[in-house]
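Residue numbers (our numbering), protein chains in the order written: chain R, 583 to 983; chain X, 583 to 983.
These notes concern the structure reproduced below.
Protein chains: 2
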Amino acid sequence: MHTGHDPADHDHFAAYDEDPAFPLHVRGKIEVRPTVRVRDNAGLALAYTPGVGRVSQALAADPSLAWRYTWKSNAVLIVTDGTAVLGLGDIGPVAALPVMEGKSLLFKEFGNIDCVPICLDTTDVDEIVRTVAHIAPAYGGINLEDISAPRCFEIERRLQEILDIPVFHDDQHGTAVVVTAALENAAKVTGRELSDIRVVMSGAGAAGVAIANMLLAAGVGDVSLSDRVGVIGKHRTDLTDVKADLAERTNRLALTGSLFDAMRGADVFVGVSSGTVPVDVVRTMAPEAIVFSLANPNPEIHPDVAHAAGAAVVATGRSDFPNQINNVLAFPGIFRGALDYGAKRITEGMKLAAADAIAGLVGDELAPDYVVPDPFDPRLSATVAHAVGMAAIHDGVVRRG
Amino acid sequence: MHTGHDPADHDHFAAYDEDPAFPLHVRGKIEVRPTVRVRDNAGLALAYTPGVGRVSQALAADPSLAWRYTWKSNAVLIVTDGTAVLGLGDIGPVAALPVMEGKSLLFKEFGNIDCVPICLDTTDVDEIVRTVAHIAPAYGGINLEDISAPRCFEIERRLQEILDIPVFHDDQHGTAVVVTAALENAAKVTGRELSDIRVVMSGAGAAGVAIANMLLAAGVGDVSLSDRVGVIGKHRTDLTDVKADLAERTNRLALTGSLFDAMRGADVFVGVSSGTVPVDVVRTMAPEAIVFSLANPNPEIHPDVAHAAGAAVVATGRSDFPNQINNVLAFPGIFRGALDYGAKRITEGMKLAAADAIAGLVGDELAPDYVVPDPFDPRLSATVAHAVGMAAIHDGVVRRG
Numbered sequence: 583m584h585t586g587h588d589p590a591d592h593d594h595f596a597a598y599d600e601d602p603a604f605p606l607h608v609r610g611k612i613e614v615r616p617t618v619r620v621r622d623n624a625g626l627a628l629a630y631t632p633g634v635g636r637v638s639q640a641l642a643a644d645p646s647l648a649w650r651y652t653w654k655s656n657a658v659l660i661v662t663d664g665t666a667v668l669g670l671g672d673i674g675p676v677a678a679l680p681v682m683e684g685k686s687l688l689f690k691e692f693g694n695i696d697c698v699p700i701c702l703d704t705t706d707v708d709e710i711v712r713t714v715a716h717i718a719p720a721y722g723g724i725n726l727e728d729i730s731a732p733r734c735f736e737i738e739r740r741l742q743e744i745l746d747i748p749v750f751h752d753d754q755h756g757t758a759v760v761v762t763a764a765l766e767n768a769a770k771v772t773g774r775e776l777s778d779i780r781v782v783m784s785g786a787g788a789a790g791v792a793i794a795n796m797l798l799a800a801g802v803g804d805v806s807l808s809d810r811v812g813v814i815g816k817h818r819t820d821l822t823d824v825k826a827d828l829a830e831r832t833n834r835l836a837l838t839g840s841l842f843d844a845m846r847g848a849d850v851f852v853g854v855s856s857g858t859v860p861v862d863v864v865r866t867m868a869p870e871a872i873v874f875s876l877a878n879p880n881p882e883i884h885p886d887v888a889h890a891a892g893a894a895v896v897a898t899g900r901s902d903f904p905n906q907i908n909n910v911l912a913f914p915g916i917f918r919g920a921l922d923y924g925a926k927r928i929t930e931g932m933k934l935a936a937a938d939a940i941a942g943l944v945g946d947e948l949a950p951d952y953v954v955p956d957p958f959d960p961r962l963s964a965t966v967a968h969a970v971g972m973a974a975i976h977d978g979v980v981r982r983g
Numbered sequence: 583m584h585t586g587h588d589p590a591d592h593d594h595f596a597a598y599d600e601d602p603a604f605p606l607h608v609r610g611k612i613e614v615r616p617t618v619r620v621r622d623n624a625g626l627a628l629a630y631t632p633g634v635g636r637v638s639q640a641l642a643a644d645p646s647l648a649w650r651y652t653w654k655s656n657a658v659l660i661v662t663d664g665t666a667v668l669g670l671g672d673i674g675p676v677a678a679l680p681v682m683e684g685k686s687l688l689f690k691e692f693g694n695i696d697c698v699p700i701c702l703d704t705t706d707v708d709e710i711v712r713t714v715a716h717i718a719p720a721y722g723g724i725n726l727e728d729i730s731a732p733r734c735f736e737i738e739r740r741l742q743e744i745l746d747i748p749v750f751h752d753d754q755h756g757t758a759v760v761v762t763a764a765l766e767n768a769a770k771v772t773g774r775e776l777s778d779i780r781v782v783m784s785g786a787g788a789a790g791v792a793i794a795n796m797l798l799a800a801g802v803g804d805v806s807l808s809d810r811v812g813v814i815g816k817h818r819t820d821l822t823d824v825k826a827d828l829a830e831r832t833n834r835l836a837l838t839g840s841l842f843d844a845m846r847g848a849d850v851f852v853g854v855s856s857g858t859v860p861v862d863v864v865r866t867m868a869p870e871a872i873v874f875s876l877a878n879p880n881p882e883i884h885p886d887v888a889h890a891a892g893a894a895v896v897a898t899g900r901s902d903f904p905n906q907i908n909n910v911l912a913f914p915g916i917f918r919g920a921l922d923y924g925a926k927r928i929t930e931g932m933k934l935a936a937a938d939a940i941a942g943l944v945g946d947e948l949a950p951d952y953v954v955p956d957p958f959d960p961r962l963s964a965t966v967a968h969a970v971g972m973a974a975i976h977d978g979v980v981r982r983g
């Protein structure tokens, strides 16, 4: 393999390869393989010319046959511009590729879906929308990934308007689905009704906005978000369109102070920022508080600290603590359902159904340190897919009524 | 699988599925799979967060590391706009997908290369160039496929100017490489020197233009092409830029008539059109003529007819006759070599090296009915790749000198 480095490369790479993540990534993590074997000219004559020509001719007459006679019904584009990659920020399209390969790996392992990484060399909204629309015909869905707010909102909305296949920004909706599932169970285990709950969120980027919208759709009593300036509400004159819209629907108490002010008496804290929350502030929350500190790799509040301050349920984004809020609980099953049931888009109802299905898998094992199922639960993808498919039919978004 | 058809679908599909090519195509012919296994949270922590973040961070600092730590060094985009698919013509991007999947299958089986089908919903040259450039960062090469002339020439040229990875229009260059290899051996078996040979070609589209250029580069004495109007030469006032350029370098005898006129006394006929050539015209060619009738599925001259008219070597595009001119002899090894040796483009020298390597594999078995090797020859891909890589180094187009 030619790498563009000089003969001293061996030492150069050896330094990287001391970290076990690097040797695992050599030559990447995914491949494109045939699903049919071609061993001789007779096989070639079916899989390639002249046989393939008869299939193409049939598709030219009836393009809907592509759902049956091509990989389209199981193929999804994972699209990023590299502007908001993990906690690393704007690292560009090439540096984002290992994450996109990882996402493809997870889609296959957990949802048996074939995902192609597309790392765009443009961050212009118009160019991204046009480019993705141009390359969509061979794919049954679009998963947007690690695109920074607020551009991600417009890109998703415009692509979904153009395309009749699901367009899903996982950083928004995958996270929102899993947070909603976790909150449903956390409410149950602490004896709360969703309608009585007041949530305070730190962070109003892609994930924060989507979580707020979904919690409200799920029936949560009140949500207030805070960004770097403070709590978002109608008093603010500095809001983007997206945040101004949120100000209309969130913060019913018309709070005007800081994040920490808002947390006083709150039932739930959801952290999707990179800030920290002092232990004293957690102590001001309602008794048996629910704390979702999702910043990675450093949660806003360490789980031990949160528990010591009186929190009853604590979740993080990390796999080394209980209650990991991990998107892999949601996106494989959501796309599995959307693809198998022929959904043209992913509705609020489908996302809520996914959240309910994920929460339901916890079942009798529900406990303060077990509010979401294990990602390796073998029932996960099919259970979520089925719930999502039923919701798609209910919402009337499947390809033929 | 939801197909967008109504409950009577079973009968609907049964009609198609009587042709064995159709059941083979159900759900497509390719998949995207992990090359590393993730069985538990420890595996996730290396292949996905937090491990992948360290790899992405390293790539952000040194993007050339992508050649080692991502799939880029083995990943190629197969790009079509569906305008010139096999012999079917402009059937659109969705109908082209089975052919692109087949190409991906061949790339993997014969070259172990991971190829992603991109079927574009635009036929505008500017849009195609911009779109492909935007999605290129995660890929090590671009294979253009089934794009109609003359747009294919400009698209290839402009993309290669923008990108520092190989851009290769297989319908042009793959075909040209295999025709050149076949002609080298056909000349040998009929006792000719390439420099003494006069070739007449029917068809001046993508393949015809590329074959003419390559045969001239290989040292063939003269080539004349004819299109629907007649022989291309300086006497013509109706030529596109590409054909006018060819008129300067081909047709040394300044022929002005029809294809059939030009064939009188010619050593070689190469057909890459959809026309037919009468047996009487073949009789006017030089003794021991070489006839490559590459139209598919119906050769311009049936091999039996050509032999009866005196042709010594006959080749077609079909697998059910001897001497199949099949691009699969060339493109897997050419890309294998270009990728492994870090070529930034594919030069004339690399294509000629590929042709020589393909011709050489026939070796002592050379005979009038065996001028090209079997596509399943296990030496093929590595032999071509090595020759192409050496030529890339010679031509100074590898990524570091």
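All C-beta atoms, glycine included, are put in the ideal place defined by N, C-alpha and C.
Residues of the same chain with a CB within less than 6 Å of the CB of R/D599, apart from the 5 flanking positions on each side, are P605 in chain order. Identification of chain X residues near R/R615 by a Cβ-Cβ cut-off of 7 Å yields I612, E613, R615, K690, ordered along the chain.
Distances from the alpha-carbon of R/V658 to those of R/V618, R/R621, R/G610, R/I717 put R/I717 closest. If you draw a 10 Å sphere on the C-beta of R/N694, you find fewer than 16 other C-beta atoms in it, and that means exposed. Secondary structure within the region 823–893 of chain R: the alpha helix (DSSP H) runs of 4 or more consecutive residues, fully enclosed, are 823–831, 841–845, 861–865, 885–890 (chain order). Scanning R/A871, R/V618, R/F851 for the CA closest to the CA of R/A877 turns up R/F851. Here X/G812 is not near X/S855, since their CB atoms are 7 Å or more apart.
Annotated three-state conformation of X/V944 is coil, per DSSP.
DSSP places X/S646 within a helical segment (H, G or I) once states are collapsed to three.
In the three-state reduction of the DSSP assignment, X/E613 falls in the strand class. At a cut-off of 7 Å between C-beta atoms, R/S875 does not count as an interface residue with respect to chain X.
Counting only Cβ-Cβ distances below 7 Å, X/Q742 has no contacts in chain R at all, with the closest Cβ about 16 Å away. Sorting X/Q754, X/I793, X/L797, X/G756 by C-alpha distance to the C-alpha of X/E775 places X/L797 at the top. With contacts defined by Cβ atoms closer than 7 Å, R/V805 and R/K933 do not form a contacting pair.
At a cut-off of 7 Å, the C-beta of R/Q639 has a neighbouring C-beta in chain X. Excluding five sequence positions before and after R/V910, the CB atoms of its chain that fall closer than 8 Å to its own CB belong to L688, F692, P957, given in chain order. The C-alpha of X/A871 lies about 14 Å from the C-alpha of X/G853. Shown in chain order are the members of the region 641–672 of chain X whose Cβ falls below 8 Å from a Cβ of chain R: L641, A642, P645, S646, L647, A648, W649, R650, Y651, T652, W653, K654, S655, N656, A657, V667, L668, G669, L670.
Here DSSP, grouped into helix, strand and coil, assigns X/D706 to coil. Within 10 angstroms of the beta-carbon of R/H976 lie fewer than 16 other beta-carbons, which makes it exposed. The C-beta distance from R/A678 to X/R636 rounds to 14 Å, too long to fall under 8 Å, and the pair is not in contact. In the displayed model, X/A949 falls within a strand according to three-state DSSP.
For R/D977, there is no enclosing beta strand (DSSP E); the enclosing alpha helix (DSSP H) has its first and last residue at 962–977.
Bounds of any beta strand (DSSP E) do not take in R/V676; it lies within the alpha helix (DSSP H) bounded by 675–693. Between the region 668–678 of chain X and the region 732–749 of chain X there are fewer than three C-beta pairs closer than 8 Å, too few to call the two in contact. Burial is judged here by how many other beta carbons sit within 10 angstroms of a residue's own beta carbon; R/L948 has fewer than 16 and is exposed. Contact between the region 899–919 of chain X and the region 751–769 of chain X is present: three or more C-beta pairs spanning the two stretches fall below 8 Å. Excluding five sequence positions before and after X/A829, the CB atoms of its chain that fall closer than 7 Å to its own CB belong to I814, G815, K816, R818, L821, given in chain order. The beta carbon of X/S901 falls within 7 Å of a beta carbon belonging to chain R, placing the residue at that interface.
With fewer than 16 other Cβ atoms from the protein chains shown falling within 10 Å of its own Cβ, R/R834 counts as exposed.
Near chain X, meaning a CB-to-CB distance below 7 Å, the residues of the region 911–944 of chain R are D922, Y923, G924. The CB of R/S686 comes closer than 8 Å to the CB of V614, P616 in chain X, given here in chain order.
At least 7 Å separates the beta-carbon of R/A936 from that of R/V896.
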